[in-house]
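>
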Amino acid sequence: MKVVFSVLWILCPLLMLGQNSNHIAVAESGDGIFSILRKQGLNPTKYYAEFVALNEKNLRNGSELHLGRAYLIPYAADSFKKTAVQVRTDDKTEESIFKSELAEISPKSTKLKNAVIYLISGNSVDGTSASVNKLTDEITLNLAQELMVHGAQVYLIESEAENKHALVQKSPYKKTEGAMAPLSQMQEYVEIINKKYLKHQGKYQRLLITRVNDDITDEHCEVSVYHHNSSENGRRIAANIQRTFNENSIESKPFREYTEIFTDKNNLYLAKNALPAITLIEIGNGKKPTIEDTILVNANQELLSNIITSGVLNDYADLEIEK
10 MKVVFSVLWI LCPLLMLGQN SNHIAVAESG DGIFSILRKQ GLNPTKYYAE FVALNEKNLR
70 NGSELHLGRA YLIPYAADSF KKTAVQVRTD DKTEESIFKS ELAEISPKST KLKNAVIYLI
130 SGNSVDGTSA SVNKLTDEIT LNLAQELMVH GAQVYLIESE AENKHALVQK SPYKKTEGAM
190 APLSQMQEYV EIINKKYLKH QGKYQRLLIT RVNDDITDEH CEVSVYHHNS SENGRRIAAN
250 IQRTFNENSI ESKPFREYTE IFTDKNNLYL AKNALPAITL IEIGNGKKPT IEDTILVNAN
310 QELLSNIITS GVLNDYADLE IEK
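Encoded structure:
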């Protein structure tokens, strides 16, 4: 009995630590403390000392890992596994957006540490190719990563697989074009976003929809940015995003104040019912007649995501300065 009690007395602190840290990780070939922390989405510089303290009896020479052994991972609210989350509308389940990719992702700044950004990858199923849908998703994932590494809490809202690209009509400036997503689908988006919004009340919160409306076969693409006409915050972030696109435009067009607004019913439903200000970034192939507020930029998905992130950073910084 004494032996059992002694074993439990030794194990209880480890079990409690395990609960606080949520999980353990097994050291793989080539792993050091930095790499095992990075794979778990933690900033290795920030959590190195805590990791050593948790695992000091399980380290060789004070800092080397044993291959195949399990190590306690420090609890970290700012872990990339927690700050970039995919939320499904059908069953409300949540999971980390990034998994194996975490080993290659490092934090860049904490400029968006009090920001919560909701992302929706939205395309119409009507006339939209698989390559267009894939490109839209890739841009949205790149955007999630860029926002995350600057400290933002990111929620990627996903609908059921068969409906995920039925969010919005084919074009925001032609009311009759494209397919309408069911009202129930919009209500599910709003329900999830508004619950998260209330949880993070008091923080900077914005909803961004990204959409590609044509196959991008050229090295250039056209970008348009939209907001709701009654939302000052929506107009403001849209203007900041548009400004960053103008700064990266391959054309020399004078910048003018942003004016385009939503007209399709699905976007309007989200804009009127979702609590965060909403902005739509639409990307086209650059071959259709130029619209006045369309901006011509290089069609590089990482560049596009970086430009949108810069617009969010500028919008957030402007509001921080005003406080």
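Residue numbers for the sequence shown follow our numbering, so the first one is 10 and each next one is one higher.
Don't be surprised by glycine CBs; every beta carbon is placed ideally from N, CA and C.
Keep in mind that this is a model prediction, so the values were computed, not measured.
Using a Cβ-Cβ cut-off of 6 Å (strictly less than) and excluding sequence neighbours within five positions of Ile223, which residues of its own chain qualify?
As a position in the sequence shown, residue 223 is number 214, starting the count at 1. As written in the sequence, residue 223 is Asp, which differs from the Ile given in the question. These residues qualify, in order along the chain: Gly293, Asn294.
> Between the alpha carbons of Ser44 and Pro53, how many angstroms are there, rounded?
Mapped onto the sequence shown, residue 44 falls at position 35. Mapped onto the sequence shown, residue 53 falls at position 44. Approximately 8 Å between the Cα atoms of the pair.
> For Ile225, which of helix, strand or coil comes out of DSSP?
One-based indexing of the sequence shown puts residue 225 at position 216. If DSSP states are grouped into helix, strand and coil, Ile225 belongs with coil.
> With distances taken between CB atoms, is the gap from Tyr213 to Phe271 smaller than 8 Å?
For the purposes of this step, residue 213 is taken as the residue at position 204 of the sequence shown. For the purposes of this step, residue 271 is taken as the residue at position 262 of the sequence shown. In this structure, Phe271 does not lie closer than 8 Å to Tyr213 by Cβ.
> Looking at the C-beta of Asp224, does it have a partner C-beta in chain C at a distance below 8 Å?
No chain C is part of this structure, which consists of one protein chain only.
> With DSSP run on the structure shown, which of helix, strand or coil describes Tyr325?
Walking along the sequence shown from the start, residue 325 turns up at place 316. DSSP places Tyr325 in helix when its eight states are reduced to three.
> If you count every other CB in all the chains shown that lies within 10 Å of the CB of Ala139, and 16 or more means buried, which is it?
The residue labelled residue 139 in the question sits at position 130 within the sequence shown. By the 10 Å Cβ count, Ala139 comes out exposed.
> Checking 8 Å against the spacing of the C-beta atoms, do Leu277 and Val199 come in under that value?
Position 268 of the sequence shown, counting from 1, holds the residue named residue 277. Position 190 of the sequence shown, counting from 1, holds the residue named residue 199. No. Outside cutoff.
> Quick one: measure Cβ to Cβ for Lys217 and Thr288, integer angstroms, because I've assumed they're closer than 8 Å.
Here residue 217 refers to the residue found at position 208 of the sequence shown. Here residue 288 refers to the residue found at position 279 of the sequence shown. It should be noted that the sequence gives Leu, not Lys, for residue 217. Indeed they touch by this definition, with Cβ atoms about 5 Å apart.
> Please list, in chain order, all residues of the same chain as Val163 whose beta carbon is under 6 Å from its beta carbon, the five residues on each side excluded.
On the sequence shown, residue 163 is found 154 positions in, with the first residue counted as 1. For Val163, where only same-chain residues beyond five positions count, the Cβ hits under 6 Å are Ala93, Ile126, Ala153, Leu156, Met157.
> In this structure, does DSSP put Leu313 in helix, strand or coil?
Counted from its first residue, the sequence shown places residue 313 at position 304. Leu313: helix per DSSP, three-state reduction.
> If Tyr80 and Ile129 are in contact, beta carbons under 8 Å, what's the gap, nearest whole angstrom?
Stepping through the sequence shown from its first residue, residue 80 is reached at position 71. Stepping through the sequence shown from its first residue, residue 129 is reached at position 120. That belief does not hold up - the Cβ atoms of Tyr80 and Ile129 are roughly 37 Å apart, past 8 Å.
> Per DSSP, what kind of secondary structure is Gly293 in: helix, strand or coil?
As a working note, residue 293 is residue 284 in the sequence shown. Gly293: strand per DSSP, three-state reduction.
> Going by other Cβ atoms of all chains shown within 10 Å of its Cβ, with 16 needed for buried, is Val35 buried or exposed?
Here the question's residue 35 lines up with position 26 in the sequence shown. Exposed, by the Cβ-count rule.
> In terms of DSSP beta bridges, what is Gln214 paired with?
Stepping through the sequence shown from its first residue, residue 214 is reached at position 205. Answer by DSSP bridge pairing, in chain order: Val125.
> Could you check the C-alpha separation between Asn242 and Ala308 for me, to the nearest Å?
Counted from its first residue, the sequence shown places residue 242 at position 233. Counted from its first residue, the sequence shown places residue 308 at position 299. Rounded to whole angstroms, Asn242 to Ala308 spans 28 Å at the Cα level.
> According to DSSP, is Val134 helix, strand or coil?
Taking the sequence shown and counting its residues from 1, one reaches residue 134 at position 125. Here Val134 scores only 39 on pLDDT, less than 50, and its place in the model is too uncertain to base an answer on.
> Near Ile316, which residues of its chain fall below 6 Å by C-beta distance, leaving aside the five closest residues on each side in sequence?
The sequence position of residue 316 within the sequence shown is 307, counting from 1. Once the five neighbours on either side are set aside, the close Cβ partners of Ile316 are Thr253, Phe254, Asn257.
> Determine the closest residue to Ile82 out of Ala62, Arg245, Leu121, Ile201, with distance taken between C-alpha atoms.
Counting from one through the sequence shown, the residue named residue 82 turns up at place 73. Selected option, being the one with the closest Cα: Ala62.
> Restricting to runs no shorter than 3 residues, where is the beta strand (DSSP E) found entirely within the segment 33-57?
If only complete runs of 3 or more residues are kept, the segment 33-57 shows the beta strand (DSSP E) at 33-35, in order along the chain.
> So, helix, strand or coil for Glu73, using DSSP?
Taking the first residue of the sequence shown as 1, we reach residue 73 at position 64. Here Glu73 sits in strand by DSSP.
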